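Going letter by letter, the sequence shown gives residues 695 to 935 in the numbering used here.
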Amino acid sequence: MDMEKIVSLCKRRGFLFQSSEIYGGLNGFWDYGPMGVELKRNVKECWWRDMVTSHDELDAPPGAPAPYEMTGLDTTIIMHPQVWKCSGHYDLFHDFMVDCRESKRRYRHDQVVGRWVTYQGQRAFVTANAAGDEASEEIERRALKFFKLRGKDAERLEWQGEPQSLTTVDDFAEVLAPEAKSLGTLTEPREFNLMFKTHVGALGGPEAEAFLRPETAQGIFVNFKNVVDSTRVRVPFGIAQ
695 MDMEKIVSLC KRRGFLFQSS EIYGGLNGFW DYGPMGVELK RNVKECWWRD
745 MVTSHDELDA PPGAPAPYEM TGLDTTIIMH PQVWKCSGHY DLFHDFMVDC
795 RESKRRYRHD QVVGRWVTYQ GQRAFVTANA AGDEASEEIE RRALKFFKLR
845 GKDAERLEWQ GEPQSLTTVD DFAEVLAPEA KSLGTLTEPR EFNLMFKTHV
895 GALGGPEAEA FLRPETAQGI FVNFKNVVDS TRVRVPFGIA Q
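The structure is reproduced here in structure tokens:
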């Protein structure tokens, strides 16, 4: 089942709606519908009951070295920038991305796989946004389509080497992007910080910069002492959020 069918089903049943749909929607953002919000609440309550309220602190679960206590916590989704600098997210939480000028799609530079192929003197690095055997099959299918060949003509293609990452290619002029029909449609790799930046306060200067948390656990770490002091729990113990 493809994503379009899943989205259509979720919308008809009232589970998910695309955010701001009447104004064209916002890619990657979804609103919970009447059924979706109930499902979310049930999952959250079931998880909380299983992990916290029903936890037996006198009985060690399978695989645990000893019995332990469980307590809860709910931290803000925006935290001080220094939290992310100390955790390494600020410096390391980024990827290099490439954009396709034809399909308007964006891909991670290191996740695009391709293979060099030649047909009647024309050379191309045919790519696929897949992995393993699926990538090899997709690359061959796209190569046949690009050179306007049929499946029975696959032996006429001259392949060079095995499938490799796009990171091994220096010049994108001969690259066929995963969803493109022409060569040379990819931009040069650009570095993208994966943390969602915002500003705290009325002024939007650098001193007001903050980030939506990319990792929930950091809120637990910075509140460790507060939890210990307020609940008198002893190590080992767990914190659920």
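Beta carbons: idealized from backbone N, C-alpha and C, even for Gly.
Values in this document were obtained by computation on a predicted structure and should not be read as measured data.
Burial check for A754: the Cβ neighbour count within 10 Å stays below 16, so the residue is exposed. Annotation for V777: the continuous alpha helix (DSSP H) segment containing it runs P775 to S781. At the C-beta level, M745 and A934 come within 8 Å of one another. Proximity of the segment 879–894 to the segment 716–736 falls short of the contact definition, fewer than three beta-carbon pairs being nearer than 8 Å. Comparing alpha-carbon positions, the option among W778, R802, N736 and T925 lying closest to D789 turns out to be R802. Shortest Cα-Cα distance from S748 to any of P775, L888 and M764 involves M764. Look at E751 here: in three-state DSSP terms it is coil, with no helix or strand label. Looking at A837, P775, P756 and V869, the one whose alpha-carbon comes closest to that of P900 is P775. In this chain, the beta strand (DSSP E) harbouring P857 covers E852 to S859. Taking the C-beta atoms as reference points, V869 is found nearer than 8 Å to G878. Separation of E698 and R809 (C-alpha to C-alpha, rounded to the nearest whole angstrom) is 29 Å. Assignment of beta-bridge partners to V869 by DSSP yields F819. For the pair D696 and A904, the Cα-to-Cα distance works out to about 36 Å. In the three-state reduction of the DSSP assignment, K699 falls in the helix class, which pools H, G and I.
In this structure L838 is in contact with A848, their Cβ atoms being roughly 6 Å apart against a cut-off of 8 Å. W778 sits buried, since 16 or more C-beta atoms from the chains shown fall within 10 Å of its C-beta. Put simply, the backbone Cα of P756 is about 51 Å away from that of Y717.
With respect to the C-alpha of E832, the residue from R707, V806 and M791 having the closest C-alpha is V806. With fewer than 16 other Cβ atoms from the protein chains shown falling within 10 Å of its own Cβ, T910 counts as exposed. Collapsing the DSSP output to three states places F931 in a strand. The three-state secondary structure of E796, taken from DSSP, is coil. A straight line joining the alpha-carbon of A867 with that of K705 spans about 41 Å. Counting every other CB atom within 10 Å of its CB across the protein chains shown gives R836 a total of 16 or more, marking it as buried. Annotated as distal: E882 and C794, with beta-carbon spacing of 8 Å or more. It is roughly 36 Å from the alpha-carbon of L851 to the alpha-carbon of F886.
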